[in-house]
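Taking it in order: structure first as structure tokens, then the write-up.
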Amino acid sequence: MKQSLYAVFRFCLVVCALILLWQAVVMVFELPRYILPAPLSVAVRLWSGHAYLFAEALVTLREIIAGFAAGALFGAGAAFLLAGFPRFGRLVWPALVVLQSFPVFVIAPMLVLWFGFGIASKVVMTTIIVFFPVASNFADGLARTDSAIVKAAHLDGAGHWQLLVLIRLPLAMPQLFSGLRIAAPLAPLGAVVGEWVGAAGGLGFVMVQANARMQGETVFAAMLILALEAVLFRKAVDLAAPFFTRWSPQP
């Protein structure tokens, strides 16, 4: 309990220090608000426009949740199938690596053309970003089962699929959640990039519209809300991990 309180206190201390540094930079360099607004101005904007910003944050949050769920499902499923069919996996995995190398800003306009300006294109973008860290970490966990355990299972008569489902899969769950931890703060990026390219709502849409009007306070307010969503999403993954990895030390 004391350790948790100390961690919270340390986090609050770091946040306060960053806010003070932010205010000092604005005052010393006398920056205009459309370049770097003062923290108080951002706080006022958060308060005065909370209803509007909250509504747009819900739009982005729906995109994040749907994309994260789809990316985690497809990523884990792909890693499991590639482990189940290793010869097929050796052929497919290089292609997946090549697809991962494509910049998201290159893919986003194509997705908007294919799936429209609605939620679908943002969900697909988020799915793509989440897919690779989940698939990569889970595949690595499935491939790195202790050789002694594998030999013991074979001596006991376990077949390939029995070994995969009953032994390798449970032991690889910590690696799966390592991938989910990496993907959780990246998921908002996929949704926002899609909204930047083309959307009728969401925090990314708010940022684009406010930036065009030189409303720096609104841009920073939307950024702070997006950062909060990313932190809460990562925390949700951390809270869920122990329920699925009780038999293994946490990574």
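So the sequence shown is residues 732 to 982, counted in my numbering.
Using N, Cα and C, we set each Cβ at its ideal position, and we do this for glycine too.
First through last residue of the alpha helix (DSSP H) which encompasses residue i
{"i": "GLY935", "result": "934-943"}
{"i": "ALA788", "result": "781-815"}
{"i": "ILE838", "result": "835-846"}
{"i": "THR876", "result": "Taken as a continuous stretch (DSSP letters only), THR876 belongs to no alpha helix (DSSP H), as it is neither H nor E."}
Per-residue DSSP class, three states only, for residue i
{"i": "LEU906", "result": "According to the sequence shown, residue 906 is Gln rather than Leu. Correct three-state label for GLN906: helix."}
{"i": "VAL962", "result": "helix"}
{"i": "LEU754", "result": "Reading off the sequence, residue 754 comes out as Gln, not Leu. Residue state, collapsed to three classes: helix."}
{"i": "GLU926", "result": "helix"}
{"i": "GLU761", "result": "coil"}
{"i": "THR976", "result": "coil"}
{"i": "GLN981", "result": "Residue placement at GLN981 cannot be trusted, given a pLDDT of 48 that sits under 50; what the coordinates show is reported in the next sentence. Reduced to three states, the DSSP call for GLN981 is coil."}
{"i": "GLN946", "result": "coil"}
{"i": "SER852", "result": "helix"}
{"i": "ILE859", "result": "helix"}
{"i": "ILE766", "result": "coil"}
{"i": "SER772", "result": "helix"}
{"i": "SER867", "result": "helix"}
Burial state of residue i, where buried means 16 or more other Cβ atoms lie within 10 Å
{"i": "GLN981", "result": "Since pLDDT at GLN981 reaches only 48, below the 50 mark, its modelled position is unreliable, and no value is offered."}
{"i": "SER832", "result": "exposed"}
{"i": "GLY921", "result": "buried"}
{"i": "PHE811", "result": "buried"}
{"i": "PRO768", "result": "buried"}
{"i": "VAL860", "result": "Per the sequence shown, the amino acid found at residue 860 is Ile instead of Val. So ILE860 ends up on the buried side."}
{"i": "PHE836", "result": "exposed"}
{"i": "SER909", "result": "buried"}
{"i": "ARG899", "result": "buried"}
{"i": "PHE799", "result": "buried"}
{"i": "PHE862", "result": "buried"}
{"i": "LEU792", "result": "buried"}
{"i": "GLY847", "result": "exposed"}
{"i": "PHE974", "result": "exposed"}
{"i": "VAL813", "result": "The question names Val, but residue 813 in the sequence shown is Leu. It counts as buried."}
{"i": "LEU873", "result": "buried"}
{"i": "ALA941", "result": "buried"}
{"i": "VAL829", "result": "exposed"}
{"i": "GLN754", "result": "exposed"}
{"i": "LEU752", "result": "exposed"}
Under 8 Å between C-beta atoms of residue i and residue j
{"i": "PRO801", "j": "VAL865", "result": "Per the sequence shown, the amino acid found at residue 801 is Ala instead of Pro. Their beta carbons are not under 8 Å apart, which means ALA801 does not touch VAL865 by this criterion."}
{"i": "MET841", "j": "VAL924", "result": "no"}
{"i": "ALA958", "j": "LEU784", "result": "no"}
{"i": "VAL843", "j": "ALA915", "result": "no"}
{"i": "ALA803", "j": "LEU970", "result": "no"}
{"i": "ALA961", "j": "PRO919", "result": "yes"}
{"i": "GLY935", "j": "TYR765", "result": "no"}
{"i": "VAL937", "j": "GLU787", "result": "yes"}
{"i": "PHE816", "j": "THR858", "result": "no"}
{"i": "ALA807", "j": "LEU907", "result": "yes"}
{"i": "ILE796", "j": "PRO770", "result": "no"}
{"i": "VAL773", "j": "PHE964", "result": "no"}
{"i": "ALA826", "j": "PHE869", "result": "no"}
{"i": "THR976", "j": "ARG776", "result": "no"}
{"i": "VAL992", "j": "GLY932", "result": "With the chain running from 732 to 982 in the structure shown, residue 992 is simply not present."}
{"i": "MET928", "j": "ALA839", "result": "A quick correction: the sequence has Val, not Met, at residue 928. Yes."}
Chain B within 8 Å of residue i, Cβ atoms only
{"i": "LEU894", "result": "Looking at the structure shown, chain B is missing, and only one protein chain is on hand."}
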